[in-house]
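K.L.:
Below: one structure in structure tokens.
Protein chains: 2
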Amino acid sequence: MSRPLSAAIADRLSAQITGGELTSGDRLPSEADLADHFDCSRSTVREALKRLAARNLIRTKRGAGGGAYVNRLTFDAAVDAHVVTSTLLLSMNAVDFETAAEARFALEAACTELACANRDQTDLSALQAAHDRLAAPCDDEAFCAADVAFHRAFVDAARNPILSYQLAGAVEAMQPLMNAITYAERDRTEILALYTQLTDALSARDPNQIRHVLRELQALTIDLFHRASARRKSR
Amino acid sequence: MSRPLSAAIADRLSAQITGGELTSGDRLPSEADLADHFDCSRSTVREALKRLAARNLIRTKRGAGGGAYVNRLTFDAAVDAHVVTSTLLLSMNAVDFETAAEARFALEAACTELACANRDQTDLSALQAAHDRLAAPCDDEAFCAADVAFHRAFVDAARNPILSYQLAGAVEAMQPLMNAITYAERDRTEILALYTQLTDALSARDPNQIRHVLRELQALTIDLFHRASARRKSR
DNA sequence: GCATACTCAAATGTCAGACATTTGAATGTC
DNA sequence: GACATTCAAATGTCTGACATTTGAGTATGC
Numbered sequence: 001m002s003r004p005l006s007a008a009i010a011d012r013l014s015a016q017i018t019g020g021e022l023t024s025g026d027r028l029p030s031e032a033d034l035a036d037h038f039d040c041s042r043s044t045v046r047e048a049l050k051r052l053a054a055r056n057l058i059r060t061k062r063g064a065g066g067g068a069y070v071n072r073l074t075f076d077a078a079v080d081a082h083v084v085t086s087t088l089l090l091s092m093n094a095v096d097f098e099t100a101a102e103a104r105f106a107l108e109a110a111c112t113e114l115a116c117a118n119r120d121q122t123d124l125s126a127l128q129a130a131h132d133r134l135a136a137p138c139d140d141e142a143f144c145a146a147d148v149a150f151h152r153a154f155v156d157a158a159r160n161p162i163l164s165y166q167l168a169g170a171v172e173a174m175q176p177l178m179n180a181i182t183y184a185e186r187d188r189t190e191i192l193a194l195y196t197q198l199t200d201a202l203s204a205r206d207p208n209q210i211r212h213v214l215r216e217l218q219a220l221t222i223d224l225f226h227r228a229s230a231r232r233k234s235r
Numbered sequence: 236m237s238r239p240l241s242a243a244i245a246d247r248l249s250a251q252i253t254g255g256e257l258t259s260g261d262r263l264p265s266e267a268d269l270a271d272h273f274d275c276s277r278s279t280v281r282e283a284l285k286r287l288a289a290r291n292l293i294r295t296k297r298g299a300g301g302g303a304y305v306n307r308l309t310f311d312a313a314v315d316a317h318v319v320t321s322t323l324l325l326s327m328n329a330v331d332f333e334t335a336a337e338a339r340f341a342l343e344a345a346c347t348e349l350a351c352a353n354r355d356q357t358d359l360s361a362l363q364a365a366h367d368r369l370a371a372p373c374d375d376e377a378f379c380a381a382d383v384a385f386h387r388a389f390v391d392a393a394r395n396p397i398l399s400y401q402l403a404g405a406v407e408a409m410q411p412l413m414n415a416i417t418y419a420e421r422d423r424t425e426i427l428a429l430y431t432q433l434t435d436a437l438s439a440r441d442p443n444q445i446r447h448v449l450r451e452l453q454a455l456t457i458d459l460f461h462r463a464s465a466r467r468k469s470r
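Going line by line, the protein sequences match chains A and B.
Under the numbering used here, the letters of the first sequence match residues 1 to 235, in that order.
Under the numbering used here, the letters of the second sequence match residues 236 to 470, in that order.
In structure tokens, the structure reads:
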């Protein structure tokens with residue numbers, strides 16, 4: 001029995017869902033029925049169902065009319081999963097900082113044109129609000145959270161949910177790495193100045209200026225990182 | 236008991252892994268020990284472990300010296316997960332084609348600069364190979380596979396694994412939607428001509444030309460889609 | 001001394017049956 | 001018609017058992 005039965009059952013059910021045979025809102029048979037159908041015990045079926053639940057493919061309800069229902073995958077849930085995976089990937093694979101920063105800013109630059117074309121007054125407000133929180137005196141954790149909010153506000157300005165979803169992974173997964181910088185480097189005025197320029201450029205719908213600021217931001221980020229690691233090494 | 240115990244246990248273990256308390260290669264206690272520690276039955280622990288396994292956080296081995304080991308998340312596994320999630324997200328949320336295409340080509344454009352800077356002879360060969368497979372007479376499925384290979388070769392030319400990982404979701408998740416086009420639209424010469432231009436532009440390290448071709452590709456893709464759906468409606 | 005075969009114990013994988021708990025729906029009462 | 005009661009269908013959990021896998025130690029044969 002090389003492959004556990006519970007995994008095989010999970011695969012078959014999962015294929016039915018991803019393949020469209022079972023669609024959002026459908027109810028799976030009860031655990032007892034599934035056990036009967038797959039000719040195994042209820043525990044085995046349960047383990048299979050837990051695998052699906054962990055991947056957000058189903059949700060289970062107790063009581064009468066309960067059971068396992070095919071989940072509609074929401075953007076929020078997908079973003080969460082993507083962020084977790086990306087973070088883990090970075091932390092487990094010794095990706096060097098410059099590669100990560102390069103990817104991050106390249107992806108962010110991908111939003112430039114669309115953000116200029118589609119940005120709204122609410123986007124500018126969100127950007128400004130995040131900027132204000134960054135400028136106010138705050139602890140490192142709050143600063144980082146506001147930093148993420150700033151970048152997400154920029155991405156969201158493109159008004160393309162797919163793009164926002166894809167980039168959330170890149171932006172938020174960098175957070176632990178960025179933390180290493182801001183925790184060490186207390187002088188945040190340089191970053192803030194560039195953020196101001198970015199906000200202004202988006203307000204003016206000036207893609208070239210945005211690209212310019214992003215390049216500078218990337219250079220500054222990498223520079224800060226090198227300064228931080230040099231200081232760490234010298235101790 | 237609002238939240239199932241098995242889910243709570245899964246959360247706690249998962250937090251230990253993502254939080255770095257348990258790192259790649261570490262062995263979790265045996266199911267019996269965990270059951271003892273969490274003061275619950277072995278079945279409940281098992282359901283929690285299956286949840287972790289489904290998310291690729293652990294792998295389990297049977298026999299002596301077996302048990303649950305913290306998995307090292309590989310790029311391949313992360314890409315797979317990302318593609319599945321992205322595909323599901325698109326199929327379950329009635330995203331209109333133009334939004335998806337817009338996101339896809341914006342992301343692809345994000346690779347332009349890096350691809351021009353870092354592209355290698357092997358990248359050009361991979362691109363050419365995919366192009367050849369596209370040009371040869373082949374069935375729709377093979378055409379689509381080669382199409383994906385072409386786009387991934389372009390992305391990989393940026394030589395940034397993080398970027399490749401992020402974009403795999405966008406490129407492959409579009410596949411089902413693209414299928415709808417190529418299956419209907421047999422004339423592939425237009426696409427192939429643009430692909431040739433893209434290959435040449437990358438060979439010449441000409442970012443402006445690449446951006447131009449990508450814009451044309453996006454326009455063509457959307458146009459093909461409209462033609463296909465108009466034809467579908469007229470029947 | 002070395003290779004092979006055997007045994008053993010520690011784990012996970014599976015099963016069967018039981019009970020607890022939740023919850024919507026049917027039913028009954030006023 | 002509004003409210004309380006009962007019921008049955010599910011999931012959630014527990015217990016104990018057995019099957020299976022597998023590495024490590026041990027014995028055997030040469």
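All C-beta atoms, glycine included, are put in the ideal place defined by N, C-alpha and C.
Would you mind telling me which residues of chain B sit closer than 7 angstroms to E31/A, beta carbon to beta carbon, in chain order?
P.N.:
Going along chain B, no residue has its Cβ under 7 angstroms from E31/A, so there is no contact; the nearest lies around 12 angstroms.
K.L.:
Nearest to P281/A by CA position, among R281/B, L263/B, R277/B, is which residue?
P.N.:
In the structure as shown, chain A starts at 1 and stops at 235, and residue 281/A therefore has no counterpart that could be examined.
K.L.:
In whole angstroms, what is the alpha-carbon distance linking F340/B and I457/B?
P.N.:
Rounded to the nearest angstrom, the two C-alpha atoms are 11 angstroms apart.
K.L.:
For the alpha helix (DSSP H) holding R42/A, just list the boundary residues, first then last.
P.N.:
Here the alpha helix (DSSP H) through R42/A covers 42-54.
K.L.:
T258/B by DSSP, collapsed to three states: which one?
P.N.:
Coil at T258/B, not helix or strand.
K.L.:
Using DSSP bridges, identify the partner residues of Y195/A.
P.N.:
The partner list for Y195/A (beta bridge, DSSP) is empty, contrary to what the question assumes.
K.L.:
Based on DSSP bridge pairs, tell me the residues matched to R294/B.
P.N.:
The partner list for R294/B (beta bridge, DSSP) reads Y304/B.
K.L.:
Could you check which residue in R59/A, D33/A, D39/A, A146/A has the C-alpha nearest to that of Q128/A?
P.N.:
For the residues R59/A, D33/A, D39/A, A146/A, the minimum Cα distance to Q128/A belongs to A146/A.
K.L.:
Counting only the same chain and skipping the five closest in sequence on each side, list residues whose C-beta sits under 7 angstroms from that of F38/A.
P.N.:
These residues qualify, in order along the chain: I9, V45.
K.L.:
So, is the C-beta of E337/B closer than 8 angstroms to a C-beta in chain A?
P.N.:
Closer than 8 angstroms to some Cβ of chain A, the Cβ of E337/B qualifies, so yes.
K.L.:
Examine chain B for any beta-carbon lying closer than 8 angstroms to the beta-carbon of N160/A, and answer yes or no.
P.N.:
Yes, its Cβ sits closer than 8 angstroms to a Cβ of chain B.
K.L.:
Using beta-carbon positions only, say whether A170/A and Q401/B come within less than 8 angstroms of one another.
P.N.:
Yes, they are a contact pair.
K.L.:
Under 8 angstroms, with one C-beta from each stretch per pair, do the segment 55-63 of chain A and the segment 226-235 of chain A reach the 3-pair mark?
P.N.:
As far as the Cβ criterion goes, the segment 55-63 of chain A does not touch the segment 226-235 of chain A, which means the pair count is below three.
K.L.:
In this structure, does DSSP put S438/B in helix, strand or coil?
P.N.:
Residue state, collapsed to three classes: helix.
K.L.:
Measure the C-alpha to C-alpha separation of E102/A and S259/B and round it to an integer number of angstroms.
P.N.:
If I take the Cα positions, the gap works out to 26 angstroms.
K.L.:
Near R59/A, what residues of its chain come up, given a Cβ to Cβ distance below 8 angstroms and the 5 sequence neighbours on each side ignored?
P.N.:
A53, A68, Y69, N71.
K.L.:
May I ask you to list, following chain order, the residues of the segment 214-227 of chain A that have a beta carbon less than 8 angstroms from some beta carbon of chain B?
P.N.:
Within the segment 214-227 of chain A, no residue qualifies.
K.L.:
Could you give the C-beta distance for T87/A and R211/A, rounded to a whole number, given that I count them as a contact under 8 angstroms?
P.N.:
So it is not a contact: roughly 27 angstroms between Cβ atoms.
K.L.:
Mind the definition here: the segment 74-93 of chain A touches the segment 315-331 of chain B only if three or more C-beta pairs lie below 8 angstroms; say whether that holds.
P.N.:
A contact exists between the segment 74-93 of chain A and the segment 315-331 of chain B.
K.L.:
Determine the direct distance from the alpha carbon of A270/B to that of A173/A, and round the result to whole angstroms.
P.N.:
Taking the straight line from one Cα to the other gives about 33 angstroms.
K.L.:
If you measure between the beta carbons of F378/B and H366/B, is that distance less than 8 angstroms?
P.N.:
The answer is no: Cβ separation not under 8 angstroms.
K.L.:
With a CB to CB cut of under 7 angstroms and the five nearest residues on each side skipped, what residues in its chain are close to A32/A?
P.N.:
Excluding sequence neighbours, A32/A sits near R42.
K.L.:
So what does DSSP say about P161/A, is it helix, strand or coil?
P.N.:
Helix.
K.L.:
I'd like the list of long-range same chain contacts for D11/A, defined as Cβ closer than 8 angstroms, with 5 residues on each side in sequence excluded.
P.N.:
Counting only Cβ-Cβ distances below 8 angstroms, and skipping sequence neighbours, we find nothing.
K.L.:
For N208/A, which three-state DSSP category applies?
P.N.:
Helix, per DSSP.
K.L.:
For the alpha helix (DSSP H) containing F340/B, list its first residue and its last residue.
P.N.:
Counting along the chain, the alpha helix (DSSP H) containing F340/B begins and ends at 332-344.
K.L.:
Can you tell me whether A78/A sits near the ligand HEM, meaning its C-beta is under 7 angstroms from at least one heavy atom of the ligand?
P.N.:
Among the components modelled here there is no ligand, and therefore nothing to report on the ligand HEM.
K.L.:
Run through chain A and tell me which residues come within less than 9 angstroms of T253/B, C-beta to C-beta.
P.N.:
Simply V84, T87, L88, S91.
K.L.:
So if I threshold CB-CB distances at 9 angstroms, which residues from the segment 128-139 of chain A count as touching chain B?
P.N.:
Within the segment 128-139 of chain A, no residue has a Cβ that lies closer than 9 angstroms to any Cβ of chain B.
K.L.:
On a Cα-Cα basis, can you pick out the residue from E190/A, D200/A, A201/A that is closest to L224/A?
P.N.:
The shortest Cα separation from L224/A among E190/A, D200/A, A201/A belongs to E190/A.
K.L.:
Sort E376/B, D391/B, A428/B by Cα distance to I416/B and report the nearest one.
P.N.:
The shortest C-alpha separation from I416/B is found at E376/B.
K.L.:
Determine the closest residue to I17/A out of D96/A, S203/A, L49/A, with distance taken between C-alpha atoms.
P.N.:
Considering only alpha carbons, the answer is L49/A.
K.L.:
Output needed for R440/B: all residues of its chain with C-beta closer than 8 angstroms, excluding positions within five of it in sequence on either side, in chain order.
P.N.:
If we look at R440/B and ignore the five residues flanking it on each side, its Cβ neighbours are C351, A352, R354.
K.L.:
Rounded to a whole number of angstroms, what is the C-alpha to C-alpha distance between L308/B and L90/A?
P.N.:
The straight-line gap from Cα to Cα measures roughly 9 angstroms.
K.L.:
Do L412/B and A335/B have their CB atoms nearer than 8 angstroms?
P.N.:
Yes, these two residues count as a Cβ contact at 8 angstroms.
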